[in-house]
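Q:
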Amino acid sequence: AAFQKKVFQEFEALDSVDHAALLQGHGLPELDRATLQRFLVARKFEVEEAFKMLMTYVHWRLSYPENAVKQEEIRASLDARKVYVGKH
29 AAFQKKVFQE FEALDSVDHA ALLQGHGLPE LDRATLQRFL VARKFEVEEA
79 FKMLMTYVHW RLSYPENAVK QEEIRASLDA RKVYVGKH
């Protein structure tokens with residue numbers, strides 16, 4: 029509960045301050061209970077460490093929004109052999 033409260037307090041502050049990202053169409057990522065729990069588990073329920081990890085993710089996601097790379101760009105890179113897709 030403390031982690032969730034801290035996250036949402038920070039998001040309210042971030043949402044009120046980070047207008048540049050929001051104006052560019054980069055909304056804050058959705059954070060449901062399961063997502064928050066994954067960050068807590070990843071940091072062995074250390075709230076401060078989980079919070080730092082989560083905020084790093086949020087800032088990264090704002091910088092690189094989902095679906096920012098278009099399918100045409102991927103095709104162009106593959107055709108130009110700039111990337112290689114290996115087998116699993």
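Position in the sequence shown (from 1) plus 28 gives the number in our numbering.
Idealized CB from N, CA, C, for every residue including glycine.
Compare the beta carbon distance of Leu68 and Ala78 with 7 Å and say whether it is the shorter of the two.
A: Walking along the sequence shown from the start, residue 68 turns up at place 40. Walking along the sequence shown from the start, residue 78 turns up at place 50. Yes, the pair counts as a contact, with Cβ atoms nearer than the cut-off.
Q: Looking only at its chain, what residues have a beta carbon closer than 7 Å to the beta carbon of Glu74, apart from the 5 residues adjacent to it on each side?
A: Taking the sequence shown and counting its residues from 1, one reaches residue 74 at position 46. Non-local beta-carbon contacts of Glu74 in its own chain, meaning distances under 7 Å to residues more than five positions away in sequence, are absent.
Q: Please list, in chain order, all residues of the same chain as Ala30 whose beta carbon is under 7 Å from its beta carbon, the five residues on each side excluded.
A: Residue mapping note: residue 30 aligns to position 2 of the sequence shown, counting from 1. Val75.
Q: First and last residue of the alpha helix (DSSP H) that includes Glu77?
A: In the sequence shown, counting from the first residue as 1, residue 77 sits at position 49. That run of the alpha helix (DSSP H) goes Val75 to Ser91.
Q: Count the other C-beta atoms from every protein chain shown that fall within 10 angstroms of the C-beta of Leu106, then say buried if there are 16 or more, exposed otherwise.
A: The residue labelled residue 106 in the question sits at position 78 within the sequence shown. Exposed: under 16 other Cβ atoms inside 10 Å.
Q: Once the 5 residues before and after Lys34 are set aside, which same chain residues still bring their CB inside 8 Å of it?
A: Along the sequence shown, one-based indexing puts residue 34 at 6. Val75 and Phe79, listed in sequence order.
Q: Need the endpoints of the alpha helix (DSSP H) that Asp107 sits in, please.
A: Along the sequence shown, read from residue 1 onward, the residue named residue 107 stands at position 79. For Asp107, the enclosing alpha helix (DSSP H) covers residues Gln99 to Asp107.
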